[in-house]
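Quick note: the sequence shown, position 510, residue 510 per my numbering, numbers continuous.
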Amino acid sequence: MDVSKLNPEQRKAVETTEGPVLILAGAGSGKTRTLTARVARLLEKGVPAWNILALTFTNKAAKEMKERIEAMVGESAADAWIMTFHSACARILRRDIEKLGYKRSFVIYDSDDQQSLLKDIVKRMGVDDKAFSPKSVSSLISDAKNHLILPAEWRDTHADDERSETIYNIYLEYETRLKALNALDFDDLLVKTLELMVEHPPVLEYYRNRFRYVMVDEYQDTNEVQYRLCQLLTKESQNLCVVGDDDQSIYSWRGADIHNILDFEKDFPNAVVIKLEQNYRSTANILDAANQVIAHNEQRKDKRLWTEEGEGEKIHTFCADDDRSEATWVANRIIELHKQGDAYQNMAVLYRVNAQSRQVEDMLVNSGIAYNVYGGTKFYDRREVRDVMAYLRVLANPADDMSLRRIINVPRRSIGDSTVSLLEEHARGNEMPLYSALTDMPEKLTSRPRKCVQEFAGLMTLLSVEMATMPLPEFVEDLMVRTGLRAQYENDPTDDAADRLKNMEEVVNAVRQFAAEHEGATLEEYLENVALITDMDTTKETDGHVTLMTMHSAKGLEFDNVFVIGMEENVFPSYRCVDDKVKLEEERRLCYVAMTRARKRLYLSRARQRMVFNQVNMNPPSRFLEEIPRRLMEDEWATRHERAFGKEPPPMRSTQKPQPRMIKRPDDPLNLQRSNPLGIPGVQKGISAVPQTAGFRAGDHVMHRKFGEGVVTDLVGTGVDARIRINFTAFGPKEFSLGLAPIVKMED
Numbered sequence: 001m002d003v004s005k006l007n008p009e010q011r012k013a014v015e016t017t018e019g020p021v022l023i024l025a026g027a028g029s030g031k032t033r034t035l036t037a038r039v040a041r042l043l044e045k046g047v048p049a050w051n052i053l054a055l056t057f058t059n060k061a062a063k064e065m066k067e068r069i070e071a072m073v074g075e076s077a078a079d080a081w082i083m084t085f086h087s088a089c090a091r092i093l094r095r096d097i098e099k100l101g102y103k104r105s106f107v108i109y110d111s112d113d114q115q116s117l118l119k120d121i122v123k124r125m126g127v128d129d130k131a132f133s134p135k136s137v138s139s140l141i142s143d144a145k146n147h148l149i150l151p152a153e154w155r156d157t158h159a160d161d162e163r164s165e166t167i168y169n170i171y172l173e174y175e176t177r178l179k180a181l182n183a184l185d186f187d188d189l190l191v192k193t194l195e196l197m198v199e200h201p202p203v204l205e206y207y208r209n210r211f212r213y214v215m216v217d218e219y220q221d222t223n224e225v226q227y228r229l230c231q232l233l234t235k236e237s238q239n240l241c242v243v244g245d246d247d248q249s250i251y252s253w254r255g256a257d258i259h260n261i262l263d264f265e266k267d268f269p270n271a272v273v274i275k276l277e278q279n280y281r282s283t284a285n286i287l288d289a290a291n292q293v294i295a296h297n298e299q300r301k302d303k304r305l306w307t308e309e310g311e312g313e314k315i316h317t318f319c320a321d322d323d324r325s326e327a328t329w330v331a332n333r334i335i336e337l338h339k340q341g342d343a344y345q346n347m348a349v350l351y352r353v354n355a356q357s358r359q360v361e362d363m364l365v366n367s368g369i370a371y372n373v374y375g376g377t378k379f380y381d382r383r384e385v386r387d388v389m390a391y392l393r394v395l396a397n398p399a400d401d402m403s404l405r406r407i408i409n410v411p412r413r414s415i416g417d418s419t420v421s422l423l424e425e426h427a428r429g430n431e432m433p434l435y436s437a438l439t440d441m442p443e444k445l446t447s448r449p450r451k452c453v454q455e456f457a458g459l460m461t462l463l464s465v466e467m468a469t470m471p472l473p474e475f476v477e478d479l480m481v482r483t484g485l486r487a488q489y490e491n492d493p494t495d496d497a498a499d500r501l502k503n504m505e506e507v508v509n510a511v512r513q514f515a516a517e518h519e520g521a522t523l524e525e526y527l528e529n530v531a532l533i534t535d536m537d538t539t540k541e542t543d544g545h546v547t548l549m550t551m552h553s554a555k556g557l558e559f560d561n562v563f564v565i566g567m568e569e570n571v572f573p574s575y576r577c578v579d580d581k582v583k584l585e586e587e588r589r590l591c592y593v594a595m596t597r598a599r600k601r602l603y604l605s606r607a608r609q610r611m612v613f614n615q616v617n618m619n620p621p622s623r624f625l626e627e628i629p630r631r632l633m634e635d636e637w638a639t640r641h642e643r644a645f646g647k648e649p650p651p652m653r654s655t656q657k658p659q660p661r662m663i664k665r666p667d668d669p670l671n672l673q674r675s676n677p678l679g680i681p682g683v684q685k686g687i688s689a690v691p692q693t694a695g696f697r698a699g700d701h702v703m704h705r706k707f708g709e710g711v712v713t714d715l716v717g718t719g720v721d722a723r724i725r726i727n728f729t730a731f732g733p734k735e736f737s738l739g740l741a742p743i744v745k746m747e748d
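Here it is as structure tokens:
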């Protein structure tokens with residue numbers, strides 16, 4: 001294998017194949033290249049592929065690793081397990097879950113399924129669903145499982161009060177119902193695998209012998225269960241290689257524990273530590289700024305990103321009057337970049353919470369800029385797609401009452417709620433799945449609903465026969481026709497129905513693709529593949545669209561031009577974190593992640609006032625802005641107004657120590673003070689620009705002190721009656737007296 005293209009530290013990571021290894025891989029430092037080369041080196045040394053386990057957090061990352069390794073060594077890597085934690089655990093459980101009292105045909109419940117089940121449990125228990133919402137209870141249960149706290153332990157570790165007792169009862173019933181449904185939630189895939197290995201030593205011994213070399217990507221994102229699985233599997237071999245960056249640990253709310261990576265050397269005193277600090281993504285100025293910010297954290301490994309590339313542009317900063325003006329600035333900068341030749345797909349707008357996207361979306365629409373908001377309804381969450389999946393899941397696992405309840409009257413077949421309730425009551429009384437009640441019906445059921453249920457049962461029986469005899473893609477297509485799922489939308493002339501039909505066709509395409517990639521693919525395998533799809537796996541790089549997303553969602557991605565908006569205290573860092581040192585350090589890591597997404601240009605903006613939950617908030621600049629040295633920043637408002645109005649920009653100050661709170665100062669580096677009634681940064685009170693009364697023409701780009709930037713659309717009248725019409729990005733078309741309007745022509 002040719003390692004000449006690797007830098008010295010990467011080569012060391014590739015060649016250190018024995019014993020525990022910690023690879024601290026900074027943002028953009030080529031960790032995927034290093035990991036794949038390391039697998040190839042193991043194979044070159046004669047390590048059998050089946051002895052290698054490489055774990056990632058997304059199917060997308062696993063697929064990329066597989067493809068790169070195959071390109072290096074060919075099919076000799078085919079037997080290596082290169083997959084996500086959840087995929088590996090699902091495969092282990094398919095083989096041995098019967099030892100835990102489940103059937104191998106178990107289904108995997110996603111968050112929507114979990115909340116549907118919890119909603120049903122809360123309703124049956126007569127609990128107030130506002131005080132105990134399915135979403136909040138689901139989050140509590142997930143957090144408990146990530147920390148290996150089962151119902152009994154949860155009860156022992158929480159207050160002895162009515163609320164805790166209610167949550168305990170819901171949690172206990174949830175676990176009971178899941179097992180009866182032969183279902184696992186996403187967290188169970190990990191927890192049950194750990195339980196299997198701890199309670200059944202022969203199973204653990206089998207996988208210890210099989211996986212002599214274990215590698216884990218994004219180790220900073222592992223939770224307690226994943227940590228224990230890694231420890232168990234490598235206790236004898238000690239061949240655990242973990243790759244990660246503590247400075248990018250931003251998922252504590254999902255159960256990730258940063259101490260897993262910080263304490264690796266305590267767990268393995270003889271560990272080799274290798275730092276990948278050379279960055280291949282960003283310019284030197286961007287890296288310098290990110291290094292300066294993250295250096296304020298105490299809980300971190302010492303490292304500093306560097307690059308052989310040039311300094312690049314300074315960090316562009318901007319102070320707007322309000323969030324609408326901030327969004328206008330973003331839209332205008334995007335237009336400028338596009339005119340200079342930057343494609344829209346090379347631009348991203350990042351924000352702390354999804355609610356911040358609205359103003360930016362409005363401005364992009366007004367400006368005719370195409371964009372995609374990452375985090376909308378995922379494909380497999382769409383109603384028509386979930387309906388198809390529910391049919392398939394019932395056929396694969398007849399014990400799945402939740403899926404059966406979803407489709408028993410979809411499309412409508414006159415099986416109402418009262419009929420379903422009778423069937424459920426009969427099933428519970430006879431301790432059988434709801435599916436069995438379709439043929440063993442209660443006597444209370446009258447003739448008409450009985451006939452409807454019999455017809456549905458006959459349909460499901462027919463589909464079960466076809467499933468065993470037809471190729472998977474053809475079967476799925478046939479199911480959509482026989483169930484009437486297609487017909488209900490084909491008979492609807494609306495655009496919405498047409499979109500739903502397209503989505504159903506896309507399901508068939510997805511099944512065809514899966515079958516083509518997996519010889520002899522079964523329905524169970526396809527459903528498992530769908531269940532294990534993560535948010536990152538559904539991210540598509542679409543040509544001609546600006547990307548809008550939260551900073552958390554941006555992790556692992558990169559763009560030439562990145563805009564980070566809302567750089568204000570209580571917005572970012574969030575007001576929930578400013579008084580908590582641990583949470584504040586995670587917010588700073590999130591800032592570091594956001595900044596290091598940028599390859600060429602980084603834009604940081606804030607607003608003097610922002611509408612949050614229908615209230616106007618005025619916050620000082622984010623402490624993260626103050627942590628960036630002045631030498632690395634360019635204040636765009638000051639620069640543009642200096643050019644337009646002849647005003648020297650105010651001095652900018654930078655501190656190298658984190659400040660608990662920022663206060664207003666006359667020398668505020670980001671123009672916190674409103675120095676004039678109209679709030680135009682860079683123009684002091686009492687100093688006015690000389691109005692331009694001539695030289696304008698349609699198409700000119702101009703700036704107005706109050707309304708910001710716009711384009712001249714028309715000039716009418718002459719002399720003192722001359723009028724100018726301008727279309728402003730933020731405020732739309734307006735008309736002014738040409739002799740009196742405080743406008744200036746902007747340079748292109």
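Every residue, glycine too, gets a C-beta built ideally from N, C-alpha and C. These numbers come from a predicted model, not from an experiment.
Cβ-based burial, residue i [other Cβ within 10 Å; buried from 16]
i: Asn-430; result: exposed
i: Tyr-526; result: buried
i: Gly-26; result: buried
i: Asp-96; result: buried
i: Asp-302; result: exposed
i: Leu-738; result: buried
i: Asp-400; result: buried
i: Ile-687; result: With a pLDDT of only 31 at Ile-687, under the threshold of 50, the placement of this residue in the model should not be trusted; the figure read from the coordinates follows. So Ile-687 counts as exposed.
i: Arg-576; result: exposed
i: Ala-13; result: buried
i: Arg-104; result: exposed
i: Ser-622; result: buried
i: Gln-114; result: buried
For residue i: DSSP bridge partner residues
i: Asp-123; result: Note on identity: in this sequence residue 123 is Lys, with Asp being the wrong assignment. Answer is none; Lys-123 lacks a bridge partner.
i: Val-388; result: Answer is none; Val-388 lacks a bridge partner.
i: Val-158; result: Looking at the sequence shown, residue 158 is not Val but His. BP columns for His-158 are empty, so no partner.
i: Thr-550; result: Tyr-351
i: Met-480; result: Answer by DSSP bridge pairing: none, since Met-480 is not bridged.
i: Val-511; result: Bridge partners of Val-511: none, in fact.
i: Asn-495; result: A small correction: the amino acid at residue 495 is Asp; Asn does not occupy that position in the sequence shown. For Asp-495, which the question treats as bridged, DSSP gives no partner whatsoever.
i: Phe-736; result: Ile-724
i: Arg-606; result: Cys-319
i: Met-83; result: Leu-55
i: Lys-275; result: Leu-24
i: Asn-570; result: Ser-574
i: Lys-179; result: Partner(s): none; Lys-179 has no beta bridge.
i: Met-703; result: Glu-709, Val-744
Extent of the continuous beta strand (DSSP E) to which residue i belongs
i: Val-214; result: 213-216
i: Phe-559; result: 559-564
i: Arg-631; result: Premise fails: Arg-631 is in no beta strand (DSSP E) and is neither H nor E.
i: Leu-715; result: 708-716
i: Val-107; result: 107-109
Host alpha helix (DSSP H) of residue i (start-end)
i: Tyr-526; result: 523-531
i: Ala-753; result: No answer is possible for residue 753: it lies beyond the span of the chain, which begins at 1 and ends at 748.
i: Pro-398; result: From DSSP, Pro-398 is part of no alpha helix (DSSP H); its letter is neither H nor E.
i: Met-72; result: 59-73
i: Ala-183; result: Run containing Ala-183: none in the alpha helix (DSSP H); it sits in the beta strand (DSSP E), 183-185.
**Prompt:** Is the stretch 57-71 in contact with the stretch 89-96, if contact means three or more CB pairs nearer than 8 Å?
**Reply:** no
**Request:** Count the CB pairs spanning the stretch 170-183 and the stretch 136-147 that are closer than 8 Å, and state whether there are at least three.
**Result:** yes
**Prompt:** With contact counted as at least three CB pairs below 8 Å, one residue from each stretch, are the stretch 296-310 and the stretch 324-332 in contact?
**Reply:** no
**Request:** Taking 8 Å as the threshold, find out whether the stretch 563-581 comes into contact with the stretch 597-606 through three or more Cβ pairs.
**Result:** yes
**Request:** Would you be able to state if there are at least three C-beta pairs under 8 Å between the stretch 241-250 and the stretch 258-269?
**Result:** yes
**Asked** Does the count of Cβ pairs from the stretch 67-78 and the stretch 30-43 closer than 8 Å reach three?
**Response** yes
**Prompt:** Would you say the stretch 193-201 touches the stretch 212-219, given that touching needs at least three Cβ pairs under 8 Å?
**Reply:** no
**Prompt:** Mind pulling the alpha helix (DSSP H) runs of 4 or more residues that sit fully within the stretch 204-268?
**Reply:** 224-234, 259-262, 264-267
**Asked** Which ranges does the beta strand (DSSP E) cover as unbroken runs of at least 3 residues, wholly within the stretch 7-35, from first to last along the chain?
**Response** 21-25
**Segment contact, 8 Å Cβ cut-off, at least three pairs: the stretch 303-312 with the stretch 279-289** = yes
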